[in-house]
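In our numbering, the protein residues as written are 97 to 302.
Structure below.
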């Protein structure tokens, strides 16, 4: 029962903390902000940053690059929250409308609206939001991805195929807790729950 309570609490914690709408919105907005800054830098547009952040905006760094060059890891570890926030404050005044809008929204805590559903959103619904975003911000279709974000989140409190929780039985055998327990909830908690989300500015009325 103690293990079951722990797993139930962990599932609730993930939904209420790590997978909360506020977290989903802020995380995706920050990702799109950095992606937009990188796109502009690599297109030759001046985007004011410090040297540490500019290096990663100017170059497309992969995981393999980290393994092959220790200096890249050193550059990455030199980054901190101040570098990101300094960039955000500076970009609020950038002439690029998307970059400045995302930066100002992050700075003012004007997070995107998030709609979460158990099923993938209908294409007609997404196209409707896309059109509204294009018209409101006067941007081309290919730039909508920065202001309308879709994705999928998943949560399973217990994954037997990963770091399993083992139980030592009275007979001295070690078995998986799902096999040792007669509680159906333990097995149910191993089922992955997937949900789908759509994020877009609150200025857009659907």
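For every residue, glycine included, the Cβ atom is placed at its ideal position computed from N, Cα and C. Treat the numbers as computed from the prediction; the structure is a model and nothing was measured.
| query | result |
| --- | --- |
| Ends of the beta strand (DSSP E) at residue 211? | 209-213 |
| What do you get for residue 197, buried or exposed, if any count of 16 or more other CB atoms within 10 angstroms of its CB means buried? | buried |
| With C-beta atoms as the reference, is residue 296 less than 8 angstroms away from residue 213? | no |
| Mind pulling the alpha helix (DSSP H) runs of 4 or more residues that sit fully within the segment 140-190? | 147-154, 159-164, 166-173, 177-187 |
| Please classify residue 241: does DSSP put it in a helix, a strand, or coil? | helix |
| Does the pairing of the segment 206-223 with the segment 161-174 give three or more beta-carbon distances under 8 angstroms? | no |
| Between residue 181 and residue 232, what straight-line distance do the alpha-carbon atoms span, to the nearest angstrom? | 27 angstroms |
| Any idea what DSSP makes of residue 130, helix, strand or coil? | helix |
| Is the beta carbon of residue 192 sitting closer than 8 angstroms to the one on residue 141? | yes |
| Quick check on DSSP: helix, strand or coil for residue 137? | helix |
| Between residue 171 and chain D, is any beta-carbon pair separated by less than 8 angstroms? | As a matter of chain content, chain D is missing from the structure shown, which is built from one protein chain. |
| Quick check on the burial criterion: 16 or more other C-beta atoms within 10 angstroms. Buried or exposed for residue 118? | exposed |
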